[in-house]
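So the protein lines, in turn, are chains A and B. Read left to right, the first sequence gives residues 1 to 449 (this note's numbering). Read left to right, the second sequence gives residues 450 to 898 (this note's numbering). Idealized CB from N, CA, C, for every residue including glycine. Let me begin by presenting the structure, written as structure tokens, before commenting on it.
2 protein chains.
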Amino acid sequence: MDAVLLFSVLNNKITMIKSVKIASKFGQQYRYASQVLPQLSSEKYKIIRKKFATVQETDLHYFKHTLGENRVISDESDILPYNIDWVKHCRGALICEAGCVLETLDNFVREHGLIMPLDLGAKGTCQIGGNVSTNAGGLRLLRYGNLHGSILGLEAVRADGTIVDCLKALKKDNTGYHLKHLFIGSEGTLGVVTKVAIHCPALPKAVTIGFFGVNNFENVLKLYKSAKSSLGEILSAFEMCDQEAIESSVKYLNQRLPIPEFPFYVLIETHGSNDAHDEEKLNNFLKKEMDNGLILDGTITSEPTKMQYIWRFRESIPAGDMNGTFMYAFDVSLPQSHYYELVPILREKLGDKVLKVSGFGHIGDGNAHINVVTEEYSQEVTDIVEPFLFEEVAKRQGSVSAEHGIGLKKPQYMHFSKDESAIQLMRDLKQLMDPNGILNPYKVLPEIK
Amino acid sequence: MDAVLLFSVLNNKITMIKSVKIASKFGQQYRYASQVLPQLSSEKYKIIRKKFATVQETDLHYFKHTLGENRVISDESDILPYNIDWVKHCRGALICEAGCVLETLDNFVREHGLIMPLDLGAKGTCQIGGNVSTNAGGLRLLRYGNLHGSILGLEAVRADGTIVDCLKALKKDNTGYHLKHLFIGSEGTLGVVTKVAIHCPALPKAVTIGFFGVNNFENVLKLYKSAKSSLGEILSAFEMCDQEAIESSVKYLNQRLPIPEFPFYVLIETHGSNDAHDEEKLNNFLKKEMDNGLILDGTITSEPTKMQYIWRFRESIPAGDMNGTFMYAFDVSLPQSHYYELVPILREKLGDKVLKVSGFGHIGDGNAHINVVTEEYSQEVTDIVEPFLFEEVAKRQGSVSAEHGIGLKKPQYMHFSKDESAIQLMRDLKQLMDPNGILNPYKVLPEIK
Numbered sequence: 001m002d003a004v005l006l007f008s009v010l011n012n013k014i015t016m017i018k019s020v021k022i023a024s025k026f027g028q029q030y031r032y033a034s035q036v037l038p039q040l041s042s043e044k045y046k047i048i049r050k051k052f053a054t055v056q057e058t059d060l061h062y063f064k065h066t067l068g069e070n071r072v073i074s075d076e077s078d079i080l081p082y083n084i085d086w087v088k089h090c091r092g093a094l095i096c097e098a099g100c101v102l103e104t105l106d107n108f109v110r111e112h113g114l115i116m117p118l119d120l121g122a123k124g125t126c127q128i129g130g131n132v133s134t135n136a137g138g139l140r141l142l143r144y145g146n147l148h149g150s151i152l153g154l155e156a157v158r159a160d161g162t163i164v165d166c167l168k169a170l171k172k173d174n175t176g177y178h179l180k181h182l183f184i185g186s187e188g189t190l191g192v193v194t195k196v197a198i199h200c201p202a203l204p205k206a207v208t209i210g211f212f213g214v215n216n217f218e219n220v221l222k223l224y225k226s227a228k229s230s231l232g233e234i235l236s237a238f239e240m241c242d243q244e245a246i247e248s249s250v251k252y253l254n255q256r257l258p259i260p261e262f263p264f265y266v267l268i269e270t271h272g273s274n275d276a277h278d279e280e281k282l283n284n285f286l287k288k289e290m291d292n293g294l295i296l297d298g299t300i301t302s303e304p305t306k307m308q309y310i311w312r313f314r315e316s317i318p319a320g321d322m323n324g325t326f327m328y329a330f331d332v333s334l335p336q337s338h339y340y341e342l343v344p345i346l347r348e349k350l351g352d353k354v355l356k357v358s359g360f361g362h363i364g365d366g367n368a369h370i371n372v373v374t375e376e377y378s379q380e381v382t383d384i385v386e387p388f389l390f391e392e393v394a395k396r397q398g399s400v401s402a403e404h405g406i407g408l409k410k411p412q413y414m415h416f417s418k419d420e421s422a423i424q425l426m427r428d429l430k431q432l433m434d435p436n437g438i439l440n441p442y443k444v445l446p447e448i449k
Numbered sequence: 450m451d452a453v454l455l456f457s458v459l460n461n462k463i464t465m466i467k468s469v470k471i472a473s474k475f476g477q478q479y480r481y482a483s484q485v486l487p488q489l490s491s492e493k494y495k496i497i498r499k500k501f502a503t504v505q506e507t508d509l510h511y512f513k514h515t516l517g518e519n520r521v522i523s524d525e526s527d528i529l530p531y532n533i534d535w536v537k538h539c540r541g542a543l544i545c546e547a548g549c550v551l552e553t554l555d556n557f558v559r560e561h562g563l564i565m566p567l568d569l570g571a572k573g574t575c576q577i578g579g580n581v582s583t584n585a586g587g588l589r590l591l592r593y594g595n596l597h598g599s600i601l602g603l604e605a606v607r608a609d610g611t612i613v614d615c616l617k618a619l620k621k622d623n624t625g626y627h628l629k630h631l632f633i634g635s636e637g638t639l640g641v642v643t644k645v646a647i648h649c650p651a652l653p654k655a656v657t658i659g660f661f662g663v664n665n666f667e668n669v670l671k672l673y674k675s676a677k678s679s680l681g682e683i684l685s686a687f688e689m690c691d692q693e694a695i696e697s698s699v700k701y702l703n704q705r706l707p708i709p710e711f712p713f714y715v716l717i718e719t720h721g722s723n724d725a726h727d728e729e730k731l732n733n734f735l736k737k738e739m740d741n742g743l744i745l746d747g748t749i750t751s752e753p754t755k756m757q758y759i760w761r762f763r764e765s766i767p768a769g770d771m772n773g774t775f776m777y778a779f780d781v782s783l784p785q786s787h788y789y790e791l792v793p794i795l796r797e798k799l800g801d802k803v804l805k806v807s808g809f810g811h812i813g814d815g816n817a818h819i820n821v822v823t824e825e826y827s828q829e830v831t832d833i834v835e836p837f838l839f840e841e842v843a844k845r846q847g848s849v850s851a852e853h854g855i856g857l858k859k860p861q862y863m864h865f866s867k868d869e870s871a872i873q874l875m876r877d878l879k880q881l882m883d884p885n886g887i888l889n890p891y892k893v894l895p896e897i898k
């Protein structure tokens with residue numbers, strides 16, 4: 001794999017040293033997108049710099065000598081694309097690791113009759129090292145489980161530079177502690193993931209999707225229960241979005257929805273080994289639930305172009321919600337019975353201070369995405385929503401970060417989802433693994449008050 | 450849950466303190482089975498006792514006062530059943546944790562339309578705390594994944610007595626480090642698992658099994674590839690055993706196999722949501738592979754009594770191999786292409802020094818069980834097999850313990866499967882979590898030489 005070593009010299013500070021693929025789409029995209037520079041994260045999150053060294057010419061020389069001249073980027077404009085988060089909330093805070101883009105991997109393994117066990121809206125830009133470090137979830141977790149199950153082994157670099165080799169590709173190996181899990185989802189704060197071995201499921205012979213209009217959220221839930229029962233083992237995704245969410249992607253894509261307007265939409269995907277069986281199951285399901293009144297209108301297709309056309313309405317919601325506007329993206333887990341409750345609560349609380357509040361996500365795993373959309377960043381809106389939203393999530397036994405992680409933004413909210421005994425053990429682990437706090441500093445763990 | 454506190458006073462030492470269900474079948478069984486007492490593990494593994502306290506009358510009084518008189522067992526004959534491992538290799542070394550028997554749990558969740566995500570031959574006796582601590586695998590890992598994926602949350606007690614609460618029951622929660630994995634599979638050496646939250650899959654509406662005779666192992670592998678392709682999403686188990694293995698269970702059960710004798714047998718189970726679809730898939734598979742000559746004879750059934758009848762031949766192999774004889778049980782992971790190679794190698798090496806070498810296991814996850822059967826324990830046989838077998842596994846990039854763990858028996862063999870960098874990180878974690886070495890001492894980590 002071709003790799004390049006990156007570090008930010010924007011502030012003459014090393015913010016992170018990573019190995020990433022040269023000229024990823026991620027980079028290309030931001031050469032054009034980042035016209036207006038967001039706040040530096042050190043300003044936004046009021047970070048007091050710890051006693052780290054600063055990058056000197058001798059450091060640059062060392063890396064250029066070790067890796068080769070063209071594998072070190074130090075020009076500010078070249079670094080910028082890697083240095084701005086996707087929702088343009090801040091600069092610095094680069095999280096981007098060992099270095100294949102998810103979609104490239106998926107295309108590669110498909111040639112070998114397999115698929116990647118995870119699929120995200122961001123698949124065209126996100127990189128597998130980052131996916132692993134953040135335990136990325138996405139659209140098909142319902143079927144293929146999370147990365148703690150799919151990652152067979154990995155290699156990581158500890159804070160002292162030691163390479164930890166846990167790169168076995170065995171499905172079962174009970175020899176000692178299961179160390180890989182320390183690095184999956186710890187956001188690079190316990191070590192830097194440099195190689196991964198992933199179990200890839202077989203490419204399904206039959207793929208079918210259904211797109212349905214539903215009258216209210218209660219019926220969305222009933223439909224989910226029915227789908228689990230009728231479609232069981234072939235169900236690979238059960239996604240929902242409300243009208244506000246789909247409107248954003250309709251406008252962004254400038255394309256017509258295949259069915260009329262409804263308060264809620266459900267997208268069901270099946271992966272199976274027999275076309276005829278799967279279509280029969282899905283058609284029986286559609287017929288039954290139209291008779292029951294749960295589905296008001298719907299379409300079923302297994303034609304690849306049509307399936308892609310429908311998927312894009314679901315995947316483009318975040319892009320639509322920040323299309324010339326500012327988006328506050330919340331990513332929470334809630335028990336299914338409380339899954340959609342916070343959307344109407346936020347709408348009432350925010351009123352006309354915001355353009356819209358949209359709700360969508362992965363019902364199957366309880367992961368609700370809530371976007372609050374405004375003309376531009378507003379401190380007043382921030383203060384209304386945070387920590388109110390996290391308190392409401394905690395009351396319902398949910399998680400304040402289902403799949404996006406903690407990062408710089410949520411350390412002070414971690415206690416809403418984690419017991420103090422767990423946070424203490426995390427601190428003990430951080431102290432053991434990274435006593436000088438040089439790995440992805442200021443992130444994940446809350447400061448001791 | 451009713452619980453009882455146990456500790457061994459056989460040697461007037463605390464060997465372990467655990468919470469287990471009263472009068473489990475495990476206990477009952479051994480009241481009758483353990484006529485001849487095996488060696489103490491401290492003798493067998495030449496353990497030099499560390500500086501631990503010994504149990505005093507005041508300790509017994511404290512526990513009786515705290516838990517109630519009838520929840521503390523101190524009589525030697527009452528403790529014995531919990532104190533002998535199943536294969537009767539040693540006494541002491543009790544591993545037995547928070548306290549529901551797997552089969553009892555499975556029966557309970559079935560009443561709610563669910564199943565437990567793991568199933569073992571030992572389900573009637575093993576307890577869920579132990580399953581979690583040892584990351585038990587078993588018969589359906591192929592379909593439902595391992596416990597790192599199924600365990601949603603857990604509570605554990607640290608060496609200093611602190612309770613770590615990670616008992617969230619959310620499918621997605623990326624708030625901080627994923628601590629539960631520290632306790633899954635670390636065999637009680639980093640903490641004692643006291644509560645678990647488990648994701649249980651839906652009870653399948655349709656269950657079907659096929660039992661097939663096959664001519665050689667190459668054809669077993671071909672059959673597996675074909676089953677993955679034809680049965681895909683409904684495949685819940687793909688088990689194989691050789692003639693030597695099945696002979697043991699036939700003799701032990703004193704029942705007739707449903708098909709004639711063949712060099713190899715394959716048991717395929719499907720879990721699905723539609724009887725007609727699943728039977729059609731399995732019948733098409735049988736017909737196709739009989740035409741191809743991979744299957745020589747076979748039977749398919751979805752009748753519960755018949756399915757249970759067939760499953761017992763597979764599940765009774767270990768009991769059959771130690772039915773009046775002594776069994777050395779090896780549990781290794783191997784890449785599929787090398788899965789069966791070590792059985793004929795061992796047969797040749799051991800010749801008539803042993804009664805038989807049998808091979809069986811879970812092809813789908815690469816887990817091969819190899820039993821060496823002798824009249825009685827023989828040091829000569831041990832010395833021939835160990836570490837030879839583990840060296841051969843290492844050469845083939847396998848694991849010296851697929852699902853049974855390390856325990857007292859394999860610390861010195863861990864390096865065959867784990868890099869020194871990983872073992873060092875394990876030591877660091879042990880030092881952090883249990884600096885006095887009081888949790889399940891002498892186990893898992895190799896002594897530093």
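Helix, strand or coil at His404(A) [DSSP, three-state] = coil
Interface flag, Val606(B) vs chain A, CB-CB below 8 Å = The beta-carbon of Val606(B) is placed no less than 8 Å from the nearest beta-carbon of chain A.
Which two residues bound the contiguous beta strand (DSSP E) that contains Leu628(B)?
-> Leu628(B) -> no beta strand (DSSP E), and no H or E assigned at all.
Residue closest to Leu152(A), alpha-carbon to alpha-carbon, out of Gly293(A), Gly361(A) and Ala197(A) = Ala197(A)
Which class does Ser150(A) belong to by DSSP, given the choice of helix, strand or coil?
-> helix
Straight-line Cα distance separating Val641(B) from Gln873(B) | 22 Å
Quick one: what's Asp165(A) bridged to in DSSP?
-> DSSP output for Asp165(A) lists Glu155(A) as bridge partner(s).
CA-to-CA distance, Ile759(B) to Leu702(B), given in whole angstroms = 11 Å
Starting from Val250(A), trace the alpha helix (DSSP H) both ways and give me its first and last residue.
-> Note, Val250(A): alpha helix (DSSP H), Gln243 to Leu253.
Beta strand (DSSP E) segments (min. 3 residues) lying fully within the stretch 197-275 of chain A = 206-214, 235-242 and 264-272
Once you ignore the five residues that flank Asp275(A) on each side, which residues in its own chain have a CB closer than 6 Å to its CB?
-> By the criterion of a C-beta distance shorter than 6 Å, Asp275(A) is surrounded in its chain by Ala206, once the five residues flanking it on both sides are discounted.
CA nearest to the CA of Ile234(A), picked from Lys44(A), Gly210(A), Glu391(A) and Lys171(A) = Measuring from the Cα of Ile234(A), the nearest candidate turns out to be Gly210(A).
Under 8 Å between C-beta atoms of His148(A) and Gly598(B) = yes
Would you decide whether Ile497(B) is buried or exposed? Buried here means 16 or more other CB atoms lie within 10 Å of its CB.
-> exposed
Contact check, Gln346(A) vs Leu389(A) under 8 Å by CB: the rounded distance?
-> A small fix is needed here, since residue 346(A) is Leu in this sequence, not Gln. Right, the Cβ-Cβ distance comes to about 7 Å (below 8 Å), so this counts as a contact.
Indicate the three-state DSSP secondary structure (helix, strand or coil) for Leu94(A) in the structure shown.
-> Only weak support is given to the placement of Leu94(A): the predicted model assigns it a pLDDT of 24, under 50, and the value that follows is read from those uncertain coordinates. Here DSSP, grouped into helix, strand and coil, assigns Leu94(A) to coil.
Own chain partners of Leu878(B) with C-beta closer than 8 Å, once the 5 adjacent residues on each side are dropped | Leu631 and Leu639
Answer yes or no: do His811(B) and Leu590(B) have a C-beta to C-beta separation smaller than 8 Å?
-> Yes, the pair counts as a contact, with Cβ atoms nearer than the cut-off.
Determine the chain A residues that contact Met689(B) at a beta-carbon separation under 9 Å, and present them in chain order.
-> Simply none; closest approach about 15 Å.
What residues of chain A sit near Tyr788(B), judged by a beta carbon separation below 7 Å?
-> What Tyr788(B) touches in chain A: nothing, since even the nearest Cβ is about 12 Å away.
Given a threshold of 16 other Cβ atoms within 10 Å of its Cβ, counted over all protein chains shown, does Lys736(B) qualify as buried or as exposed?
-> Classification for Lys736(B): exposed.
Taking C-alpha atoms, which residue in Leu881(B), Ala817(B) and Tyr826(B) lies nearest to Val842(B)?
-> Here the closest residue by C-alpha is Ala817(B).
Kindly say whether His818(B), judged by its beta-carbon, lies nearer than 8 Å to any beta-carbon of chain A.
-> Taking CB atoms only, His818(B) has no neighbour in chain A less than 8 Å away.
Hey, Phe313(A) and Ser236(A): beta-carbon distance below 8 Å or not?
-> no
Could you give the DSSP three-state label for Leu473(A): helix, strand or coil?
-> Limits of chain A in this structure are 1 at one end and 449 at the other, which puts residue 473(A) out of reach.
Could you check which residue in Glu420(A), Glu341(A) and Gly405(A) has the C-alpha nearest to that of Lys443(A)?
-> Gly405(A)
Three-state secondary structure (DSSP) at Asn371(A)?
-> Strand, per DSSP.
Test: Leu389(A) CB closer than 8 Å to a CB of chain B | no
Could one say the Cβ of Ala871(B) lies closer than 8 Å to chain A's Cβ atoms, at least one of them?
-> yes
Is the beta carbon of Glu693(B) less than 8 Å from the beta carbon of Ser807(B)?
-> yes
Nearest neighbour of Ala456(A), chosen from Glu447(A), Leu432(A), Ile448(A) and Ser77(A) [CA to CA] = Since the first residue of chain A shown is 1 and the last is 449, residue 456(A) is not available in this structure.
Coarse secondary structure for Val444(A), derived from DSSP in three states | coil
Give a yes or no on contact between the stretch 319-328 of chain A and the stretch 373-385 of chain A, applying the rule of three or more CB pairs nearer than 8 Å.
-> Counting Cβ pairs under 8 Å, three or more are found: they touch.
Comparing the C-beta of Cys615(B) with each C-beta of chain A, is any distance below 8 Å?
-> Interface with chain A (8 Å Cβ-Cβ cutoff): Cys615(B) is included.
Chain B contacts made by the stretch 213-234 of chain A, where a contact means CB separation under 9 Å = Lys228, Ser229, Ser230, Leu231, Gly232, Glu233 and Ile234
What first and last residue would you give for the beta strand (DSSP E) that runs through Tyr62(A)?
-> No beta strand (DSSP E) contains Tyr62(A), which is instead part of the alpha helix (DSSP H) from Glu57 to Leu67.
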